[in-house]
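Asks: Residue 298 is where the sequence shown starts when you use this note's numbering, and the numbers rise one by one after that.
Note that CB positions come from ideal geometry on N, CA and C, so glycine has one too.
Here you go, one structure.
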Amino acid sequence: MTQNPAAQPGPGGAPAGRTLYGGKSSRRITVRDLTDAKERGEKWPMLTAYDAMTASVFDQAGIPVLLVGDSAGNCALGYETTVPVTLDEMVVLSSAVVRGTRRPLIVADLPFGSFQEGPTQALRSALRLVKEAGVGAVKLEGGERSHRQIELLVESGIPVMAHIGLTPQSVNTMGYRVQGRGEEAAQQLLRDAKAVQDAGAFSVVLELVPAELAAEVTRALQVPTIGIGAGPDCDAQVLVAPDMLGLTDGRVPRFVKKYADVRGVMENAARAFAEDVVGGTFPAEEHSVH
Numbered sequence: 298m299t300q301n302p303a304a305q306p307g308p309g310g311a312p313a314g315r316t317l318y319g320g321k322s323s324r325r326i327t328v329r330d331l332t333d334a335k336e337r338g339e340k341w342p343m344l345t346a347y348d349a350m351t352a353s354v355f356d357q358a359g360i361p362v363l364l365v366g367d368s369a370g371n372c373a374l375g376y377e378t379t380v381p382v383t384l385d386e387m388v389v390l391s392s393a394v395v396r397g398t399r400r401p402l403i404v405a406d407l408p409f410g411s412f413q414e415g416p417t418q419a420l421r422s423a424l425r426l427v428k429e430a431g432v433g434a435v436k437l438e439g440g441e442r443s444h445r446q447i448e449l450l451v452e453s454g455i456p457v458m459a460h461i462g463l464t465p466q467s468v469n470t471m472g473y474r475v476q477g478r479g480e481e482a483a484q485q486l487l488r489d490a491k492a493v494q495d496a497g498a499f500s501v502v503l504e505l506v507p508a509e510l511a512a513e514v515t516r517a518l519q520v521p522t523i524g525i526g527a528g529p530d531c532d533a534q535v536l537v538a539p540d541m542l543g544l545t546d547g548r549v550p551r552f553v554k555k556y557a558d559v560r561g562v563m564e565n566a567a568r569a570f571a572e573d574v575v576g577g578t579f580p581a582e583e584h585s586v587h
């Protein structure tokens, strides 16, 4: 029988209530909890979520941080990229995830066009996600170029998760390729990482970065790094939930590990239902109201 993660010891035998993954808490995870985890060498998982029901499942599974990513554009809203996602859409999705959970820290993406004008626009956008949706933090893409935005948000009391390396909102200029290859590119990535930390970011997502460089960044920073296609040495790992669950149709990035075939389960269930309806076996007597 599989044990509830909350009942299992944490890393090093520590009580599970003091760990991020699977721990018990009467309050939401905070950014301070993530900093403490880095100090004690605890790794932790993060998944994306875009609706209350899925978020509640991940909460029950003990996932400590949920990202309402603008990857919802590809995974939930039918867009080809994240670029068309609007702030209004992010507020609706983030609100649902907050309502569906009790323990995880909920981080919401600032979508393309909601912070590029400068710090003031970034603050207005972030305030909507915090006040209207109730998220505990926001994430924004960019290293040195986003320094001023991060600084103002943090000064205003809004925790910020930074995102460097491959930044999907810049797909039209950088495409989907590994970032940080070569000495010059590696040095720029290090500068970006230190810039967002200096601006006050509480963590940094490293996407599609060579594993050796991601390890170097992780050692250089005091705040946690969160890898996605960045090797095993980051402080945390994140995957887009539909990729991890096997819901995504077609190819997924090489760094994705498929933990289930939920798409196949759903398709089989839909076919079974349809066949019962066509064959006249559903609804049966026990499914009918009298």
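1. Mind checking whether F287 and M458 have CB atoms under 9 Å apart?
2. Per the DSSP calculation, G462 is bridged to which residue(s)?
3. If you draw a straight line from the C-alpha of I326 to the C-alpha of E377, how long is it?
4. Who are the Cβ neighbours of A557 in its own chain at under 6 Å, not counting the five residues just before and after it?
5. Please list, in chain order, all residues of the same chain as V404 whose beta carbon is under 6 Å from its beta carbon, the five residues on each side excluded.
6. Using only alpha-carbon positions, find the residue among M350, R396, A346, G319 that is nearest to P274.
7. Whole angstroms are fine: how far does the CA of A581 sit from the CA of R573?
8. Give me the DSSP bridge partner(s) of I360.
9. For G526, I'd like the list of residues in its chain whose CB is within less than 7 Å of its CB, leaving aside the five on either flank, ordered along the chain.
10. What is the DSSP secondary structure of P342, counted as helix, strand or coil?
11. Should G309 be labelled buried (16 or more other beta-carbon atoms within 10 Å of its own) or exposed?
Replies: Looking at the coordinates:
1. This structure cannot settle anything about residue 287, because the visible part of the chain is limited to 298 through 587.
2. E504
3. 33 Å
4. L542, G543
5. L364, A434, K436, M458
6. The displayed coordinates of the chain run from 298 to 587. Any statement about residue 274 would go beyond what the structure contains.
7. Sequence inspection shows Asp at residue 573; the Arg mentioned does not correspond to that position. Using only the alpha carbons, I get a separation of about 10 Å.
8. DSSP, once it has assigned bridges, lists no residue as partnering I360.
9. E504, L505, P550, F552
10. strand
11. Any reading at G309 must be qualified, since the residue scores a pLDDT of 42, below 50, and its modelled position is unreliable; no value is offered.
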